[in-house]
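Structure record follows, encoded as structure tokens.
Residue numbers (the numbering used here), protein chains in the order written: chain A, -5 to 109; chain B, 25 to 134.
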């Protein structure tokens, strides 16, 4: 069974640009969540989608957005990039969609560098 | 106060010893708790989850939960050099929103 696939794996952008990251969950997984990982802040929750609906959102500015498609694939977008957005962006999928589960399967991440 | 706190380490143990990793959380209403392992340059992988007070064992790993003390721990028996990694404690605050600790780096020396 294929794991969570994220593209692109690496990208370099300049301040002010925007970026779109893609995530294909494990087949059959309907929940997709996104996390930002930085050395200083660790792993921080961005948002979670289930059946194309955003059910939960972290404390990030509106420049960070996402969506989920009917095939459960998800994208996240960051507009007007800032230097502080440089991070590893991790997508995770889950088979269980309940409110109190957290058995996540992470992709390898998209490493974004903002110059 | 951070929502999930862990000692950053490194925690150094010799091969074959028991490694004890600890985590405290602030939200008394939290109901599900997770331990993820992250090797350097890799993404986190789930190794244990626990929902009820007490111990839960899986192979060499034992997760312990004490909701009254708001304390979660992970014991690794017969530690191996391949266990050297960062261990992340996480608490679910609703709909896959996990709050992670900053992780404890474990070093197992041969």
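For glycine and all other residues, C-beta sits at the position ideal for the given N, C-alpha and C. What you are looking at is a predicted structure, and each value in this text was computed from that prediction instead of being measured.
Report the CB separation of residue 69 of chain A from residue 1 of chain A in whole angstroms; it is logged as a contact under 8 Å. The Cβ separation is near 10 Å, so there is no contact.
State yes or no: is the beta carbon of residue 49 of chain A nearer than 8 Å to at least one beta carbon in chain B? Chain B places a beta carbon closer than 8 Å to that of residue 49 of chain A, counting this residue as a contact.
Give me, in chain order, the residues of the same chain whose beta-carbon lies closer than 6 Å to that of residue 54 of chain B; leave out the 5 immediate sequence neighbours on both sides. Cβ contact annotation for residue 54 of chain B (same chain, cutoff 6 Å, sequence separation greater than five): 115, in chain order.
My understanding is that residue 69 of chain B touches residue 60 of chain B, with C-beta atoms under 8 Å, so please give their C-beta distance in whole angstroms. Between residue 60 of chain B and residue 69 of chain B the Cβ distance is about 6 Å, and since that is below 8 Å, they are a contact.
For chain A, is any of its Cβ atoms less than 8 Å away from the one on residue 39 of chain B? Interface annotation, residue 39 of chain B: not in contact with chain A, CB-CB separation never under 8 Å.
Should the region 82 to 94 of chain B be called in touch with the region 100 to 109 of chain A, which here means at least 3 C-beta pairs below 8 Å? Short answer: they don't touch.
With 9 Å as the limit, tell me which residues of the region 103 to 120 of chain B have their beta carbon closer than that to any beta carbon of chain A; keep them in chain order. Flagged, chain order: 112, 114, 115, 116, 117, 118, 119 and 120.
Counting only Cβ pairs nearer than 7 Å, list the residues of chain B close to residue 117 of chain A. Nothing can be reported for residue 117 of chain A: it is not among the residues displayed for chain A, which extend from -5 to 109.
Hey, is residue 130 of chain B's beta-carbon within less than 8 Å of any beta-carbon in chain A? Cβ-Cβ to chain A under 8 Å: no for residue 130 of chain B.
Among A:56, A:71 and A:21, nearest to residue 87 of chain A - alpha-carbon criterion: Ranking the options by Cα distance to residue 87 of chain A, first place goes to A:21.
Got a sec: which bits of the region 35 to 64 of chain B sit with their beta carbon under 7 Å from any beta carbon on chain A, in order along the chain? So the close ones are 55, 56 and 58.
Would you be able to state if there are at least three C-beta pairs under 8 Å between the region 28 to 37 of chain B and the region 107 to 124 of chain B? Using a C-beta cut-off of 8 Å, the region 107 to 124 of chain B makes contact with the region 28 to 37 of chain B, since at least three inter-stretch Cβ pairs fall below that distance.
What are the partner residues of residue 82 of chain B, as DSSP defines its beta bridges? Bridge partners of residue 82 of chain B: B:85.
Of the choices A:29, A:63, A:33 and A:31, whose alpha-carbon is the least far from that of residue 45 of chain A? If we check each option's Cα against that of residue 45 of chain A, A:63 comes out closest.
Against residue 85 of chain B, what residues of chain A qualify as contacts under a CB-to-CB distance less than 8 Å, listed in chain order? None at all; the shortest Cβ gap to chain A is about 15 Å.
Cα-Cα separation, residue 89 of chain B to residue 72 of chain B: Rounded to the nearest angstrom, the two C-alpha atoms are 12 Å apart.
Considering residue 117 of chain B, what are the terminal residues of the beta strand (DSSP E) in which it resides? Premise fails: residue 117 of chain B is in no beta strand (DSSP E) and is neither H nor E.
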